[in-house]
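**Q** In short: position in the sequence shown from 1, add 49, done, that's the numbering used here.
All residues carry an ideal CB built from backbone N, CA and C; glycine is no exception.
For reference, the structure I am asking about is given below.
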Amino acid sequence: MAIAAVGQICSTASMTHNLAQCQTLVRKAVASGAKALFLPEASDYIASSPAESVSLCQHVSKSAFVRGLQQAARDHSLAINVGIHEPTEPPSQRIKNTLLWIDQEGAIVHRYQKLHVFDVDLRPGGPLIRESDSTEPGHDIVPPFKSSLGQVGSLICFDLRFPEPALRLRRFGADIILYPSAFTVPTGKLHWEILLRARAVETQCWIIAAAQCGRHNEKRVSYGDAIVISPNGQVVGRLDHVTDIDREGENGREPEMLTVDIDLDLVKDVRRMIPLLRRTDVYPEI
């Protein structure tokens, strides 16, 4: 078994502020004996408009936020998984929503670009969000990579609503599937836990979902409820969540963290006890 630390922060448009939150969690993760720290989607910043989001975006080689986490990983021999924004290639009026794995030596060794962009209209009572206005969707399900915790597959937030990528990652050999997120409060209340537990049961994988929580700006509040689900669908750890948007203060929330022992023997046991023998003679393999 290996310890995973799962973080919850409230990013703003200030990358200096956001890096400080993440560094706080790095110190806590190291003190807990964790092998890796999992941070949310858009940990580098959450902007108040698509134009601001594009203007803040930096290449990883120039990003003080990313470089700061790389240095923290080297200093503490701690792997860090973090959601950020990256420019498109060639540069355009849109950016990429990506997930990086920074190894214990501070090198970026894995990258995933979010497949499904978040275009929703939750009015009245929720926001109108068109992520596609500023974000270019990815085109690949990236095979799992080897880590000290097991074989890790990467997805991001809205990808959670689509079972096919998770099933493909299971077929590719994933033991753990990641869903770093910034869920809205209305959809979080309705769907967050249900979808995460469904993906765990369907894939018989550990599910790790770091989360944004609290008020980022006057337009945006995230649900929180960072959570870890076992391969049999059981919630084994979770953090706080927003219950009332109107009561969320302007200064966001303090960073939080939970730790969980990732037991790969449980993955084997669940798959042995409940074998999922797919009828590929009737429907296609995903």
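Hey, how far is the Cα of V169 from the Cα of P214?
**A** Counted from its first residue, the sequence shown places residue 169 at position 120. Counted from its first residue, the sequence shown places residue 214 at position 165. Spanning the two alpha carbons is a distance of roughly 20 Å.
**Q** Tell me whether the beta-carbon of V103 lies closer than 8 Å to the beta-carbon of I144.
**A** In the sequence shown, the residue the question calls residue 103 occupies position 54. In the sequence shown, the residue the question calls residue 144 occupies position 95. Yes, these two residues count as a Cβ contact at 8 Å.
**Q** Which ranges would you report for the beta strand (DSSP E) in the segment 156–198 if only whole runs of at least 3 residues count?
**A** 157–162, 168–170, 177–179 and 194–196
**Q** Once DSSP output is grouped into helix, strand and coil, what is the label at V234?
**A** Here the question's residue 234 lines up with position 185 in the sequence shown. Helix.
**Q** Alpha carbons only, please: which of L227, V270 and K268 is nearest the one belonging to T252?
**A** On the sequence shown, position 203 is the one that residue 252 refers to. From the listed residues L227, V270 and K268, the smallest Cα separation to T252 is found for L227.
**Q** Determine which residues share a DSSP beta bridge with M306 and list them.
**A** Numbered from its first residue, the sequence shown carries residue 306 at position 257. Answer by DSSP bridge pairing, in chain order: G56.
**Q** With 16 other CB atoms within 10 Å as the buried threshold, where does I225 fall?
**A** Working through the sequence shown from its first residue, we reach residue 225 at position 176. Taking all protein chains in view, the Cβ of I225 is crowded by 16 or more other Cβ atoms within 10 Å, so the residue is classified as buried.
**Q** How is the beta strand (DSSP E) around N300 delimited, first residue to last?
**A** By one-based count along the sequence shown, residue 300 stands at place 251. It is not in any beta strand (DSSP E) - N300 carries neither H nor E in the DSSP assignment.
**Q** So what's N146 in DSSP terms, helix, strand or just coil?
**A** By 1-based counting over the sequence shown, the position of residue 146 is 97. Here N146 sits in strand by DSSP.
**Q** Within this structure, are the beta carbons of I52 and T308 separated by less than 8 Å?
**A** Residue numbering aside, residue 52 sits at position 3 when the sequence shown is read from its first letter. Residue numbering aside, residue 308 sits at position 259 when the sequence shown is read from its first letter. Taking 8 Å as the Cβ cut-off, I52 and T308 qualify as a contacting pair.
**Q** Does the separation of the CB atoms of D93 and S112 fall below 8 Å?
**A** Translated into positions along the sequence shown, residue 93 becomes position 44. Translated into positions along the sequence shown, residue 112 becomes position 63. A contact, by the Cβ cut-off of 8 Å.
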